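Chemist: The structure follows.
Residue numbers (the working numbering): 1 to 137.
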């Protein structure tokens, strides 16, 4: 592990890999629900290491955009296909406090229901799939 590679930073790299996969599949931007991982993202964005980090994990540089919402987190299955179950780290806040109830719910159901306030966005807006209005019959 790189000397500056913390578990949170490793998870951010995995999130970027998942995000790239989701974008390639035409899905909407993945929701960043972990304030602990997001705090690392904020710190890394202001460093010269950010672009190489993004390229290493996602093959492109991601922007950081405000996208407020709550509900079922859409990208969990993709993460599990690539890396296995989410570690408890995803259920920590910026101070490292674990939301045990949310972690237990995930372990029991395989689903994550949470609030989020940001998502990645590729630097090239043309590479982002357009949101499609879905209708059901």
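For glycine and all other residues, C-beta sits at the position ideal for the given N, C-alpha and C.
Owing to the predicted nature of the structure, the values given are computational and were not obtained by experimental measurement.
My assumption, with CB atoms under 8 Å, is that residue 70 sits in contact with residue 100. Please give the rounded CB distance.
Modeler: Contact between residue 70 and residue 100 does not hold, since the beta-carbon distance rounds to 19 Å and is not under 8 Å.
Chemist: Report yes if the C-beta distance between residue 72 and residue 111 is below 8 Å; otherwise report no.
Modeler: For residue 72 and residue 111, yes; Cβs fall inside 8 Å.
Chemist: Drop a sphere of 10 angstroms on the beta-carbon of residue 1, count the other beta-carbons inside from all chains shown, and report buried for 16 or more, exposed for fewer.
Modeler: Any reading at residue 1 needs caution, since the residue's pLDDT is 49, under 50, leaving its predicted position unreliable; the model's value is listed next. It counts as exposed.
Chemist: Give me the residue from 95, 89, 120 with the minimum Cα distance to residue 106.
Modeler: 89
Chemist: At what residue ranges does the segment 31-108 contain a whole run of the alpha helix (DSSP H), taking only runs of 4 or more?
Modeler: Counting only runs of 4+ residues, the alpha helix (DSSP H) found wholly inside the segment 31-108 occupies 35-45, 50-58, 76-83, in chain order.
Chemist: Would residue 5 count as contacting chain D if we go by Cβ distances under 8 Å?
Modeler: No chain D is present in this structure, which holds just one protein chain.
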